[in-house]
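Chains as they are written, first to last, in my numbering: chain A, 83 to 541; chain B, 83 to 541.
Protein chains: 2
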Amino acid sequence: MSHFQFTSQAQTAFQSRFAEQFTVAQAVREQHGRDESREAPVLPDAVLFAHSEQDVIDALRLADEYRVPVVPWSAGSSLEGQLIPVHGGISLDVSGLNRVLDVQPGSFQATVQAGVTYPELNRQLRREGLFFPVDPGAEASLGGMASTNASGTAAVRYGTTRDNVLALRAVLPGGEVVNLGSRARKTAAGYDLRGLFIGAEGTLGVITELTVRLYPLPGHVAALRASFRSIEEGAACAALLMGAALQPERLELIDAGEIAAVNEYLGRDYTVAPTLWMEFAAATEEALAGTLALAGELCGESGGTGLEAAYTEAERAALWEARHKAYYAITAQHPGHAFLTTDICVPLQQLPGMVAYTTALCREADVDASLVGHVGDGNFHMTFHAAPDDAGRWQTIHGIYDRMVTRALECGGTCTGEHGVGLHKRGHLARQHGDSLQLMRRVKAAFDPHGIMNPGKIF
Amino acid sequence: MSHFQFTSQAQTAFQSRFAEQFTVAQAVREQHGRDESREAPVLPDAVLFAHSEQDVIDALRLADEYRVPVVPWSAGSSLEGQLIPVHGGISLDVSGLNRVLDVQPGSFQATVQAGVTYPELNRQLRREGLFFPVDPGAEASLGGMASTNASGTAAVRYGTTRDNVLALRAVLPGGEVVNLGSRARKTAAGYDLRGLFIGAEGTLGVITELTVRLYPLPGHVAALRASFRSIEEGAACAALLMGAALQPERLELIDAGEIAAVNEYLGRDYTVAPTLWMEFAAATEEALAGTLALAGELCGESGGTGLEAAYTEAERAALWEARHKAYYAITAQHPGHAFLTTDICVPLQQLPGMVAYTTALCREADVDASLVGHVGDGNFHMTFHAAPDDAGRWQTIHGIYDRMVTRALECGGTCTGEHGVGLHKRGHLARQHGDSLQLMRRVKAAFDPHGIMNPGKIF
Ligand SMILES: Cc1cc2nc3c(=O)[nH]c(=O)nc-3n(C[C@H](O)[C@H](O)[C@H](O)COP(=O)(O)OP(=O)(O)OC[C@H]3O[C@@H](n4cnc5c(N)ncnc54)[C@H](O)[C@@H]3O)c2cc1C
Ligand SMILES: Cc1cc2nc3c(=O)[nH]c(=O)nc-3n(C[C@H](O)[C@H](O)[C@H](O)COP(=O)(O)OP(=O)(O)OC[C@H]3O[C@@H](n4cnc5c(N)ncnc54)[C@H](O)[C@@H]3O)c2cc1C
Chain A
83 MSHFQFTSQA
93 QTAFQSRFAE
103 QFTVAQAVRE
113 QHGRDESREA
123 PVLPDAVLFA
133 HSEQDVIDAL
143 RLADEYRVPV
153 VPWSAGSSLE
163 GQLIPVHGGI
173 SLDVSGLNRV
183 LDVQPGSFQA
193 TVQAGVTYPE
203 LNRQLRREGL
213 FFPVDPGAEA
223 SLGGMASTNA
233 SGTAAVRYGT
243 TRDNVLALRA
253 VLPGGEVVNL
263 GSRARKTAAG
273 YDLRGLFIGA
283 EGTLGVITEL
293 TVRLYPLPGH
303 VAALRASFRS
313 IEEGAACAAL
323 LMGAALQPER
333 LELIDAGEIA
343 AVNEYLGRDY
353 TVAPTLWMEF
363 AAATEEALAG
373 TLALAGELCG
383 ESGGTGLEAA
393 YTEAERAALW
403 EARHKAYYAI
413 TAQHPGHAFL
423 TTDICVPLQQ
433 LPGMVAYTTA
443 LCREADVDAS
453 LVGHVGDGNF
463 HMTFHAAPDD
473 AGRWQTIHGI
483 YDRMVTRALE
493 CGGTCTGEHG
503 VGLHKRGHLA
513 RQHGDSLQLM
523 RRVKAAFDPH
533 GIMNPGKIF
Chain B
83 MSHFQFTSQA
93 QTAFQSRFAE
103 QFTVAQAVRE
113 QHGRDESREA
123 PVLPDAVLFA
133 HSEQDVIDAL
143 RLADEYRVPV
153 VPWSAGSSLE
163 GQLIPVHGGI
173 SLDVSGLNRV
183 LDVQPGSFQA
193 TVQAGVTYPE
203 LNRQLRREGL
213 FFPVDPGAEA
223 SLGGMASTNA
233 SGTAAVRYGT
243 TRDNVLALRA
253 VLPGGEVVNL
263 GSRARKTAAG
273 YDLRGLFIGA
283 EGTLGVITEL
293 TVRLYPLPGH
303 VAALRASFRS
313 IEEGAACAAL
323 LMGAALQPER
333 LELIDAGEIA
343 AVNEYLGRDY
353 TVAPTLWMEF
363 AAATEEALAG
373 TLALAGELCG
383 ESGGTGLEAA
393 YTEAERAALW
403 EARHKAYYAI
413 TAQHPGHAFL
423 TTDICVPLQQ
433 LPGMVAYTTA
443 LCREADVDAS
453 LVGHVGDGNF
463 HMTFHAAPDD
473 AGRWQTIHGI
483 YDRMVTRALE
493 CGGTCTGEHG
503 VGLHKRGHLA
513 RQHGDSLQLM
523 RRVKAAFDPH
533 GIMNPGKIF
């Protein structure tokens, strides 16, 4: 039972400030009671649609006064139950904060409202010859990505959201506004409170604006694809490419089962084998040619076969097809099933062993699972599936998941490379950071003394 | 007046635990009462030499119990008064924690004790074909660099210390040990407490170990040097190179006065003009050639003349000579003078204007100053000088400094790109982060409730 209560006084206060931006309509509450995880929905008491920073300020002032939980809600694509309002209260929908405020091409930065999605930002940047590199796949918002420290396929080259947010503006419980970080490319001015908000999953306050780093669109790009005899061999090839200082833009590995699923799903005939994608970019054609020649050589040396290259944007999209459709192909293969995706990340050298360990666990337990790896970062996802009510199967799956986490922590890795903690991984986090969890709680209390911000998450 | 007291009970407790590792000898206290800044020395009550993490644990347990201020002290090269024990207490010298604990070449990471210097780490890594990229110039330690978020000439390509520390171990006041961050290349597991320690200047606890990122030594490297008609023109060229996605390893600019000083100091005849150094690396010779050709073109287009290139390590060292000797040449020109170095960092596009503004201020006030710029990052240092007791001159200099900070903040920049706050920039920090200073204080209290860690710094 939650110690929070959404009183009628609170409701009246919100209604008189926010009128039709504030709603208790069942359908809207249902939309905001779930995320992309398998977690059972829990309805918020109300949903508030913010259109401006002032709305956020007033919302957090009232919420703090009436002790009402607030769950920031943006594009809704998170995977770990981050959005489920387990203590009730208000889902504060910030997707309406959707303006790109300022692009400074010469400084390689843009300032956006928190609800702007990264695909939309990139659409607006194209004419400037610039792009924002973090690409979590779903149509995620910059504020949500900052709050989960999202990454994706390009992190191997450009880092995570953490590395690409220079500054942010946030509203704290009570309504105070703070400007954190600096628009300069580097700063050594006091504590990095900016960094605390990155990955905080809405538990410290609400981000309203972010200044993010941009990069020039590389002049020359090529993608390579090769097949391997085993997934471990593919992972080892990725490690070799990293060691050769080739600076790949992307390095993605999937398993043979997913290729087979894509062939079935789309009627293709891709070689059914573990498959590695490599993407490289350079400022000049000569530089790119040099890189590709060396990459091809290393790929062959590590057992890669059937090497194919693609240059134009259309050719590259075609070459990448099986990678991008893998998740949809797998889910289509198992209608009615629920899916669970892990997010282990380990030091690079440990990756082949970690992958071998995981596939052995699945084989022993006769559990079907598929692997997608951001292998240049040591990060890979296993997607498990079963009928939602097959309790025994889910118990087996969670047993495997647990042993994977144990092994990852033994290797010095993390239970989550990019999806965050939310509700699902609170137990894993306690194992990983047991020694500093109390410190995290004290930091939380410094920002949010009444504990109204997304209670029940992370801890 | 400090509210701390170093009582005889405290002294006895430390002496009985630490014996000859603990000293109140005047000479040793004098060594630890200053840093590389112009700040007047203040002697600590005692100096404690830690040889192990256990020493640090016991020191912070006793210090917390007896409410004794602790100033962590490592290589002693910081520039902003960070080491001055303004509230007395103990200088905790951690330079004895100097072992490289573990190198994992295949994971591109090393774990070191906090007192290891970056040149020593790089000496040990050479045989692995790897290096640690952050190079603040002085023989700084990894723990000190983390605590000031140091960077240097390679940050334009590899980021700051913040970007290159994956995980750290720290001892908190009271003696508790915490492991923060992860050895994986990325993590989304809870609050980034690791990041809080980066730049905290010893005010939260003592770092004992760090796991840092390593990079493969690039196979092919070349340096270029060119002269410009004005410093603004050189800065504009740097911005152009950044925009061309050439990913320079280094981009450094100095002014004509420094070239003249080097010529005099070393008996050289470098062209007396603003001079830009560019360094590029690539995995293959073809890739490097492509990059150099484009860089040369862009340099010419932006007014660069006398372009020279260097390839071997010896050639490159020779080409870089004037940059590396500039500071020594300038100080040699003004014997008996004291020096003050600023550390403004602004968004790239604002750099030429910021530089023009600064040189105009100096000209108007007839103040001699020289400029060194990490121009790919928008960061530049002005070095001012005057006789130590020339109060009027120092007032003029501080007036210029103040207006520089005002302008930098108006541009969205920071008063310190890499040197930190220490004692000198507390006023600047209050102007830059006035809205979040209270929050920083509350975070500090969450780590250090009795305020024993390096009191009087940052705030
Ligand atoms: C098909 C699919 C593929 C995916 N692939 C990847 C991937 O490759 N890499 C990856 O990292 N993730 C991936 N994800 C997960 C998801 O896209 C990320 O977690 C993303 O960062 C969530 O952003 P969002 O805008 O949807 O945030 P939401 O889901 O709306 O919110 C996420 C969290 O942030 C908080 N929050 C949101 N906005 C704010 C704000 N303005 N201020 C404070 N807190 C806020 C919320 O309270 C919540 O805790 C994928 C998801 C899907 C469905
Ligand atoms: C000639 C010269 C050139 C320089 N060039 C640059 C440059 O280009 N870029 C740049 O960034 N800096 C530069 N610096 C500044 C200096 O080298 C950096 O600030 C460096 O990071 C200091 O490291 P240190 O080991 O000497 O730390 P110290 O000076 O010993 O300590 C610095 C701060 O960190 C704290 N500290 C030290 N060790 C620990 C620990 N283990 N745990 C917790 N706190 C700790 C101290 O209390 C202090 O607050 C230069 C300095 C000189 C003298």
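Glycine is no exception: its CB is placed at the ideal position from the N, C-alpha and C atoms.
Cβ pair residue i, residue j closer than 8 Å
i, j, result
"residue 436/B", "residue 428/B", "yes"
"residue 284/B", "residue 487/B", "no"
"residue 306/B", "residue 360/B", "yes"
"residue 526/A", "residue 286/A", "yes"
"residue 217/B", "residue 192/B", "no"
"residue 124/A", "residue 166/A", "yes"
"residue 260/A", "residue 290/A", "no"
"residue 127/B", "residue 267/A", "no"
"residue 163/A", "residue 117/A", "yes"
"residue 148/A", "residue 281/B", "no"
"residue 174/B", "residue 132/B", "yes"
"residue 408/B", "residue 344/B", "yes"
"residue 605/A", "residue 214/A", "Not covered by the structure: residue 605/A. The range shown for chain A is 83 to 541."
"residue 212/A", "residue 299/A", "yes"
"residue 457/A", "residue 320/A", "yes"
"residue 500/B", "residue 242/B", "yes"
Opening and closing residue of the beta strand (DSSP E) in which residue i lies
i, result
"residue 535/B", "First-last for residue 535/B: undefined, no H or E at that position."
"residue 201/B", "Where residue 201/B is concerned, there is no enclosing beta strand (DSSP E), although the alpha helix (DSSP H) it sits in stretches over 200-207."
"residue 46/B", "One cannot answer for residue 46/B here, as it falls past the ends of chain B, which runs 83 to 541."
"residue 527/B", "Here residue 527/B belongs to no beta strand (DSSP E); instead the alpha helix (DSSP H) covers 519-529."
"residue 291/A", "288-295"
"residue 130/A", "128-131"
"residue 459/A", "Neither: residue 459/A is in no beta strand (DSSP E) and is coded neither H nor E."
"residue 155/B", "152-155"
"residue 346/A", "No beta strand (DSSP E) holds residue 346/A; the alpha helix (DSSP H) holding it covers 338-348."
"residue 248/B", "247-253"
Same chain only: Cβ atoms within 7 Å of residue i, ignoring 5 sequence neighbours per side
i, result
"residue 424/A", "463, 464, 483 and 486"
Partner residues on chain B for residue i, Cβ-Cβ distance less than 9 Å
i, result
"residue 204/A", "The premise fails here: residue 204/A is roughly 16 Å from chain B at the closest Cβ pair, so nothing lies under 9 Å."
"residue 284/A", "Near residue 284/A there are no residues of chain B at all, since even the closest Cβ is about 12 Å away, more than 9 Å."
"residue 275/A", "278, 515, 518, 521, 522 and 525"
Sequence-distant residues of the same chain with beta carbon closer than 6 Å to residue i, five excluded per side
i, result
"residue 497/A", "487, 507, 510 and 514"
"residue 316/B", "310, 335, 356 and 358"
Contacts around residue i, its chain only, beta-carbon distance under 8 Å, and the 5 residues preceding and following it disregarded
i, result
"residue 322/A", "380, 383 and 384"
First and last residue of the uninterrupted alpha helix (DSSP H) at residue i
i, result
"residue 433/A", "433-446"
"residue 263/B", "Unbroken run through residue 263/B is the beta strand (DSSP E), 259-263; no alpha helix (DSSP H)."
"residue 103/A", "Taken as a continuous stretch (DSSP letters only), residue 103/A belongs to no alpha helix (DSSP H), as it is neither H nor E."
"residue 388/B", "Careful: residue 388/B lies outside any alpha helix (DSSP H), inside the beta strand (DSSP E) at 387-392."
"residue 175/B", "It is not in any alpha helix (DSSP H) - residue 175/B instead sits in the beta strand (DSSP E) that spans 172-175."
Neighbour list for residue i in chain B, Cβ cutoff strictly below 7 Å
i, result
"residue 294/A", "Within 7 Å Cβ-Cβ: nothing; residue 294/A doesn't reach chain B, min ~12 Å."
Residue i: contacting residues in chain A (beta-carbon distance under 9 Å)
i, result
"residue 89/B", "The contacting residues do not exist; residue 89/B stays about 29 Å from chain A at best."
"residue 327/B", "297, 298, 299, 300, 301, 363, 364 and 365"
"residue 529/B", "521, 524 and 525"
Neighbouring residues, chain B, relative to residue i (Cβ below 8 Å)
i, result
"residue 217/A", "The premise fails here: residue 217/A is roughly 14 Å from chain B at the closest Cβ pair, so nothing lies under 8 Å."
Listed by chain order, chain A residues near residue i by CB distance under 8 Å
i, result
"residue 486/B", "Result: empty, since nearest Cβ-Cβ is about 13 Å, beyond 8 Å."
"residue 427/B", "264, 266, 267, 268 and 269"
Beta-carbon neighbours of residue i, restricted to chain A and to distances below 7 Å
i, result
"residue 371/B", "368"
Three or more beta-carbon pairs under 8 Å between the segment 304-313 of chain A and the segment 265-283 of chain A, yes or no? Judged by pairs of C-beta atoms under 8 Å, the segment 304-313 of chain A does not touch the segment 265-283 of chain A, as fewer than three such pairs exist.
Are three or more beta carbon pairs between the segment 332-350 of chain B and the segment 375-390 of chain A nearer than 8 Å? The segment 332-350 of chain B, when compared against the segment 375-390 of chain A, does not touch it at the 8 Å Cβ threshold.
Below 8 Å, how does it come out for the segment 187-202 of chain A and the segment 465-477 of chain A: are there three or more Cβ pairs, yes or no? Note that the segment 187-202 of chain A does not touch the segment 465-477 of chain A; fewer than 3 beta-carbon pairs, one per stretch, sit closer than 8 Å.
Got a sec: which bits of the segment 182-197 of chain B sit with their beta carbon under 7 Å from any beta carbon on chain E, in order along the chain? Among the chains of the structure shown, chain E does not appear; the protein chains present are A and B.
Would you check if there are 3 or more beta carbon pairs closer than 8 Å linking the segment 89-101 of chain A to the segment 137-149 of chain A? Two segments are said to touch when three or more pairs of C-beta atoms, one from each, lie closer than 8 Å; by this definition the segment 89-101 of chain A touches the segment 137-149 of chain A.
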